[in-house]
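Below: one structure, written as structure tokens.
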Amino acid sequence: MLYTSEDDMTHVDPSQLVVGAPVVTSDATVTVDASVTNPVDPGDHVFQLIVVDEKGVESTPVEQRVTISPDDRKPQAVLTAMPPEVAFGQPFTLDGTESTPVPGHQITSYKWIMMT
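First residue of the sequence shown? That's 27 in this note's numbering, and the numbers climb one at a time after it.
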């Protein structure tokens, strides 16, 4: 499949990158539009480039390794107690509403653990 663009750069969705399947463009630059919600899998990936002239003659392939780091971001827990000091036998509230998820993710549960 031939991909073209108007800005001298082709944008490729990560789902279009299949091992062993060429992505053919008329542009000398390709941007892989990876995102948190549409990533390229973590790990080492080797990309190969072959250029073809107007007569259909192909260059010798060259390769470039791209390492995608694992997503080690974590949600941020924020805990407050209301009130922070409580008389014996009185109720209190633990509040985690200021906790935040990693962008593009949602908090699905809260684990409450009494440590001492």
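Glycine is no exception: its CB is placed at the ideal position from the N, C-alpha and C atoms.
Note that this is a predicted model, so its numbers are computed, not measured.
Asked, Found
"Euclidean distance between Cα positions of residue 85 and residue 59", "26 Å"
"Residues that residue 62 bridges to, as DSSP identifies them", "Its beta-bridge partners do not exist; DSSP assigns none."
"Collapsed DSSP secondary structure at residue 132 in the structure displayed", "coil"
"Coarse secondary structure for residue 180, derived from DSSP in three states", "Summary: the structure shown does not reach residue 180, with the chain confined to residues 27 through 142, and so no result is reported for it."
"Cα-Cα separation, residue 119 to residue 131", "26 Å"
"Stretch pair the region 101 to 108 + the region 68 to 88: three plus CB contacts closer than 8 Å", "no"
"Endpoints, beta strand (DSSP E) assigned at residue 75", "69 to 75"
"Residue environment, residue 55, which counts as buried when at least 16 other CB atoms sit within 10 Å", "exposed"
"Nearest-angstrom beta carbon gap, residue 127 and residue 101 [assumed within contact, 8 Å]", "5 Å"
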